[in-house]
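>
Protein chains: 2
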Amino acid sequence: MTPLLRILLVDDHTLFRSGLKALLQRQADLEVIGEAADGLEGVKKAEQLKPDIVLLDLDMPVMNGRDALAQMLVSQPELAVLMLTVSEDGEDLAECMKTGARGYLLKNINADFLLDSIRRAVDGDSVLSPEMTAKLVARLRTPIPVAPQSELDSLTPRERETLSHLARGGSNKEIARALDLAESTVKVHVQNILRKLGISSRVQAAVYAVEHGLEKL
Amino acid sequence: MTPLLRILLVDDHTLFRSGLKALLQRQADLEVIGEAADGLEGVKKAEQLKPDIVLLDLDMPVMNGRDALAQMLVSQPELAVLMLTVSEDGEDLAECMKTGARGYLLKNINADFLLDSIRRAVDGDSVLSPEMTAKLVARLRTPIPVAPQSELDSLTPRERETLSHLARGGSNKEIARALDLAESTVKVHVQNILRKLGISSRVQAAVYAVEHGLEKL
DNA sequence: TCGGCAATCCGCCAAAAGGAGGAGGCGTTA
DNA sequence: TAACGCCTCCTCCTTTTGGCGGATTGCCGA
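From first to last, the protein sequence lines stand for chains A and B. Everything in the first sequence is counted per the working numbering, starting at -7 for the first residue and increasing by one. Everything in the second sequence is counted per the working numbering, starting at -7 for the first residue and increasing by one.
#1: Do the CB positions of aspartate 104 of chain B and alanine 72 of chain B come within less than 8 Å of each other?
#2: So that I know if they touch, is there some Cβ in chain A lying closer than 8 Å to that of valine 35 of chain B?
#3: Nearest to proline -5 of chain B by CA position, among B:Val114, B:Val182, B:Ile167, is which residue?
#4: When DSSP builds the beta bridges, which residues end up paired with alanine 86 of chain B?
#5: Which residues in the same chain as threonine 6 of chain B place their Cβ atom closer than 6 Å to its Cβ, once the five residues preceding and following it in sequence are excluded?
#6: Per DSSP, isoleucine -1 of chain A forms a beta bridge with which residues?
#7: So aspartate 84 of chain B and valine 54 of chain B are supposed to be a Cβ contact under 8 Å. How far apart are they, rounded?
#8: If we cut at 8 Å on Cβ distances, does glutamine 40 of chain A have a partner in chain B?
#9: Within 10 angstroms of the Cβ of serine 192 of chain A, are there 16 or more other Cβ atoms? Answer buried if so, exposed if not.
#10: Please check the pair leucine 48 of chain A and leucine 22 of chain A, which I expect to be a contact at CB under 8 Å, by giving their CB distance rounded to whole angstroms.
#11: Give me the residue from A:Gln19, A:Ala14, A:Arg18, A:Asp51 with the minimum Cα distance to aspartate 3 of chain A.
#12: For the pair the stretch 176 to 192 of chain A and the stretch 155 to 166 of chain A, tell me if three or more CB-CB distances fall below 8 Å.
#13: Give the list of continuous beta strand (DSSP E) stretches no shorter than 3 residues that lie fully inside the stretch 99 to 181 of chain A.
#14: In whole angstroms, what is the alpha-carbon distance linking isoleucine 185 of chain A and isoleucine 25 of chain A?
#15: Taking 8 Å as the CB-CB cut-off, is glutamine 196 of chain B touching chain A?
#16: Tell me, please, whether the stretch 8 to 16 of chain B touches the stretch 122 to 133 of chain B by the rule of three or more beta-carbon pairs shorter than 8 Å.
#17: Hey, does alanine 139 of chain A have any beta-carbon neighbour from chain B nearer than 8 Å?
#18: In chain B, which residues lie with their C-beta within 9 Å of the C-beta of arginine 150 of chain A?
#19: In this structure, how does DSSP classify alanine 72 of chain B when only helix, strand and coil are distinguished?
#20: When we look at the beta-carbon of aspartate 81 of chain A and count the other beta-carbons within 10 Å, is it buried (16 or more) or exposed?
#21: Could you check whether valine 46 of chain A and leucine 0 of chain A sit closer than 8 Å to each other, using their CB atoms as the reference points?
#22: Check the Cβ-Cβ distances between glutamate 83 of chain B and every residue of chain A, and say whether any is below 8 Å.
Given below as structure tokens:
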């Protein structure tokens, strides 16, 4: 016999979960082992129950599906997660698949397609709603323009220099040595960087620097 | 009744065409109106016969499927063309879909999937073999190869989770709140992360996380 | 010439991080 | 059973940060 596939349902609509559960339980090889009504609860249940697959809604209170997905994959990178949502947004799709969702299904799919998708996802395949396949292909045709130059220009040259050293992990004292400054001066620069970037810790500043290709300066 | 879907088969294997034709003709709503054994011939027939959909092989003499696809779309931009091939190469897939193929199917698919795909493609949907969906998604993820696992898998799940929060700029206290832990526990995790990654500050850890695509997790 | 700004420093303070040790629980594996 | 790794938490300690408040110099443009 085929091993039982243990399923976790995460969706904030109780009725939707109930219906889905009834539908899935009719299959001999499927078992719903848990439910959650928001992302945070979903992450916890995924951790506790170690399901074979998670059906995850996108739009939920407390923690949305995207973040929940990310959290689940941190502790269980091989977990099969199928997004099950109403969002036909190509951005949502791309984000989820990039993050590592095993599939992205719209709630308008029929039962057979869902069942088939569940089994395929557990086997390691990626599955998409037909409509979303088209969106993904469209994305392929228009890569992504992106080129945001930003509040980075509001930084003074010295501040940028300080930031680049900061992003390499130096302490204020080390940065001061490297730039031949007093530590107090470096602290002032760091303060200004934080204020201008609207953040509150040097760690965030470092991440910002890396994401803007500033760490190599 | 549903209108007849007029199909053109382009494949250099005669036997494959025969079999496919027999299969398709069994469907009341499908009709094979023409065949071609190479890309050039395929382009001509597509021009003459104005089919609703073309099933097009990739590897063919005289003119390959990619070029034939491009040619067909010049004169009939709205023509539905399904690539039907043995190539599981992600490059082939991406090229064909960029050029404008309506779908990319491997020859190992079953009949039902093919019939379903034909009807969906004519309706304007994009269709992919399940295996190729995974390849496309993988392409989406390429910016972050994730591949260089390295020291990263020396981290325990909890440490990875801690690291991902750290990379978002959270203080130990905030991470503790997020993970529902004591701050002291988070400090232990951070210490272990620093030791395992061979670095000496949380800033470096955050940078490492970002460069390894772990910050969104 | 004056105001603004970048850049350089001070001191002070509370909070956070880094580092070392120990310790109990829990599950897997030898 | 014992050993091991992981997770959890603790204390005690030093160093680093973040966040104030100043201050001085020099440059540039209105």
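Every residue gets a Cβ at the ideal spot worked out from N, C-alpha and C, and that includes glycine.
Reading off the structure:
#1: no
#2: no
#3: B:Val114
#4: DSSP lists no partner for alanine 86 of chain B.
#5: none
#6: A:Val24, A:Ile45
#7: Not quite, the Cβ-Cβ distance comes to about 18 Å (not below 8 Å), so this is no contact.
#8: no
#9: exposed
#10: The Cβ separation is near 16 Å, so there is no contact.
#11: A:Asp51
#12: yes
#13: none
#14: 49 Å
#15: yes
#16: no
#17: A caution first: alanine 139 of chain A carries a pLDDT of 33, below 50, which makes its placement in the model too unreliable to give a value.
#18: Simply none; closest approach about 19 Å.
#19: strand
#20: exposed
#21: yes
#22: no
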